[in-house]
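Trainee: Numbering (the working numbering), first residue to last: 71 to 590. Glycine included, every Cβ here is placed at the ideal spot set by N, Cα and C. Note that the structure is predicted; figures quoted are calculated from it, not measured. Starting off with a structure, shown below.
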């Protein structure tokens, strides 16, 4: 039985699809409702983007890892930021103590972004940035570096996560209350439509919902419910649906149950296509296509017998590819112990390359289509997810459901039931509650250099000492006025960052204008 209560039959056949309308629900790859993929040729035309996640310490250290991965055959960049950067604090803030550069790269200013991107061809690579509350700030710093390289905004391609709703649901790196945070996101949609039309303005994330303990059904249901809220907010702000909807993207998790994960991805595509067409009246086919990045499941990795994680990651990556992902990150086998070592990061990339070039899964489009089991499971996941979305609608939409803790309570209940299953032995976790053994070898763990925080603090202090303080103050004043009014805040924010205002100073201005979120 799956987490959702779906009982798996011993065998499937035609009777399991008796009510399945193949012509309207399955169709061809590249055609509505995109069950079989968003492109007609899928990986026969081009493999998914192999986008390994990296980010630690200083900008220089992460720049070196980026170049290492590109040389190893990675085809896109993906950047992690440290907690102070995510929470809108500079490296020298008291709350940043002990966290600078620990779980991602520390970025406090335009100078740091220059070092992060040094020597990288921004007109050629696509870059994904996992950042939410401060997403608009990091996007503008990226654009400013691009302009310094002579790369126009319309030449820049990539994605910012920019999905604040899931932070309230599952992750916790929020700053402002939900409703002003939604304004920031809509301002980003509008800004990019005018200035960076090839940039994906949001990656609506189910990944962290699943990491918090949700089921596969809850992952896609709550993610799509959040997506509906973003669309509604953009429409309420006067944006035209087919102007911004094609730049929406999604981010999902891949766990160990191969067929459940494949069915989940297929169901998500079909649900979103139907929502965009029938609920919102989208006309552009690109507005109906659910394009998504996948990361293998961090919460599934074990510190016990970490080499077993290589197998887990391979199964999860296979599910993502069979499910039609557009890009993929494979976790390092040692990530239950710390940041991935270079050896683990390269092996994770090689896992994708073997799947893409040696396994045969790219030889034909949607190789599992027509499987009685997969199609039946896709239908059941779609049905159950639709019920969750209807419940969120009944409660007033995603923002209201989050404010009353409906999503959070549902996820916590699912996580509790999963943990109970592991404790009872009903769910086998190899090396943990079955086939366990005493380890006699010491695994290599990525070293955290305490000197990097001292260097970053000194860098921020030196910047403040040599910049034009009056120009910074004036630019931050313009940002504050925009935040209190109705102007798009990204334009004065960009001017402030160009004048060498820091990320923390920008966030402080918005804290004053918007307030700080305190959960119930």
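1. Between the alpha carbons of residue 93 and residue 561, how many angstroms are there, rounded?
2. Assign residue 492 to one of two classes, buried (16 or more other C-beta atoms within 10 Å of its C-beta) or exposed (fewer than that).
3. So residue 573 and residue 155 are supposed to be a Cβ contact under 8 angstroms. How far apart are they, rounded?
4. Quick test of your reading: residue 275 and residue 231, contact by CB under 8 angstroms. State the CB separation rounded to the nearest angstrom.
5. Would you report the Cα separation of residue 589 and residue 238, rounded to the nearest angstrom?
6. What are the boundary residues of the beta strand (DSSP E) that residue 364 is part of?
7. Under three-state DSSP, which class holds residue 93?
8. Using C-beta distances below 6 angstroms, list every residue in its chain close to residue 135, excluding the 5 sequence neighbours before and after it, in chain order.
9. For residue 106, count neighbouring Cβ atoms within 10 angstroms of its own Cβ and tell me buried if that reaches 16, exposed if not.
10. I need the boundaries of the alpha helix (DSSP H) containing residue 296, first residue and last residue.
11. In three-state terms, what does DSSP make of residue 227?
12. Would you kindly work out how many angstroms separate the C-alpha atoms of residue 365 and residue 344, rounded to a whole number?
13. With DSSP collapsed to three states, give me the class of residue 212.
14. Could you give the residue range of the alpha helix (DSSP H) that holds residue 417?
15. Look up residue 270 in the DSSP assignment and say whether it is helix, strand or coil.
16. Please say whether residue 148 and residue 121 have beta carbons closer to each other than 8 angstroms?
17. With a threshold of 6 angstroms on Cβ separation, who are the neighbours of residue 598 within its own chain once the five nearest residues in sequence on each side are excluded?
18. Buried or exposed for residue 268, please, with buried defined as at least 16 other CB atoms from any protein chain shown within 10 angstroms of its CB.
19. With a threshold of 8 angstroms, are at least 3 pairs of Cβ atoms found where one atom belongs to the stretch 249-260 and the other to the stretch 198-206?
20. Hey, how far is the Cα of residue 584 from the Cα of residue 234?
21. From the DSSP output, read off the bridge partner residues of residue 500.
22. Taking 6 angstroms as the limit between beta carbons, can you name the residues of its chain near residue 346, skipping five residues before and five after?
23. Can you tell me the Cα-Cα spacing of residue 102 and residue 302, whole angstroms?
24. Take residue 433 as the anchor and find which of 152, 185 and 392 has the nearest alpha-carbon.
25. With H, G and I counted as helix, E and B as strand and the rest as coil, what does DSSP make of residue 566?
26. Using CA coordinates, which residue listed in 312, 145 and 181 is at the minimum distance from residue 160?
Mentor: Concretely, from the data shown:
1. By one-based count along the chain shown, residue 93 stands at place 23. By one-based count along the chain shown, residue 561 stands at place 491. Any reading at residue 93 must be qualified, since the residue scores a pLDDT of 49, below 50, and its modelled position is unreliable; no value is offered.
2. Here the question's residue 492 lines up with position 422 in the chain shown. Looking at its Cβ environment, which holds fewer than 16 other Cβ atoms inside 10 Å, residue 492 is exposed.
3. Your numbering for residue 573 matches position 503 in the chain shown. Your numbering for residue 155 matches position 85 in the chain shown. Contact holds; Cβ gap of about 6 angstroms.
4. What you label residue 275 is simply residue 205 of the chain shown in a count that begins at 1. What you label residue 231 is simply residue 161 of the chain shown in a count that begins at 1. Confirmed, about 6 angstroms.
5. Sequence index remark: in the chain shown, residue 589 carries index 519 (1-based). Sequence index remark: in the chain shown, residue 238 carries index 168 (1-based). Their backbone Cα atoms lie some 8 angstroms apart in a straight line.
6. Taking the first residue of the chain shown as 1, we reach residue 364 at position 294. 362-366 is the extent of the beta strand (DSSP E) around residue 364.
7. As a position in the chain shown, residue 93 is number 23, starting the count at 1. For residue 93, the predicted model reports a pLDDT of 49, less than 50, meaning its position is unreliable and no value from the coordinates is stated.
8. Here residue 135 refers to the residue found at position 65 of the chain shown. Hits under 6 angstroms: 124.
9. Along the chain shown, one-based indexing puts residue 106 at 36. Per the 10 Å Cβ criterion, buried.
10. One-based indexing of the chain shown puts residue 296 at position 226. From DSSP, the alpha helix (DSSP H) with residue 296 extends over 286-306.
11. One-based indexing of the chain shown puts residue 227 at position 157. Strand at residue 227.
12. Translated into the one-based positions of the chain shown, residue 365 becomes position 295. Translated into the one-based positions of the chain shown, residue 344 becomes position 274. About 25 angstroms.
13. Sequence index remark: in the chain shown, residue 212 carries index 142 (1-based). Residue 212 falls in the helix class under three-state DSSP.
14. Locating residue 417 in the chain shown gives position 347, counting from the first residue. First-last of the alpha helix (DSSP H) with residue 417: 412-428.
15. The residue you call residue 270 lines up with position 200 of the chain shown. Three-state result, residue 270: strand.
16. Here residue 121 refers to the residue found at position 51 when the chain shown is read from its first residue. Here residue 148 refers to the residue found at position 78 when the chain shown is read from its first residue. Closer than 8 angstroms, so yes.
17. A query on residue 598 cannot be resolved here, the shown segment of the chain reaching from 71 to 590 and no further.
18. Indexing the chain shown from 1 puts residue 268 at position 198. Exposed.
19. yes
20. For the purposes of this step, residue 584 is taken as residue 514 along the chain shown, with counting starting at 1. For the purposes of this step, residue 234 is taken as residue 164 along the chain shown, with counting starting at 1. Spanning the two alpha carbons is a distance of roughly 15 angstroms.
21. On the chain shown, residue 500 is found 430 positions in, with the first residue counted as 1. Looking at the DSSP assignment, residue 500 forms a beta bridge with 504.
22. One-based indexing of the chain shown puts residue 346 at position 276. Contacts found: 352, 357 and 358.
23. Counting from 1 along the chain shown, the entry for residue 102 is found at position 32. Counting from 1 along the chain shown, the entry for residue 302 is found at position 232. Taking the straight line from one Cα to the other gives about 22 angstroms.
24. Looking up residue 433 in the chain shown gives position 363. Looking at the Cα atoms, 392 is the closest of the given residues.
25. One-based indexing of the chain shown puts residue 566 at position 496. Helix.
26. In the chain shown, residue 160 corresponds to position 90, counting from 1. For the residues 312, 145 and 181, the minimum Cα distance to residue 160 belongs to 181.
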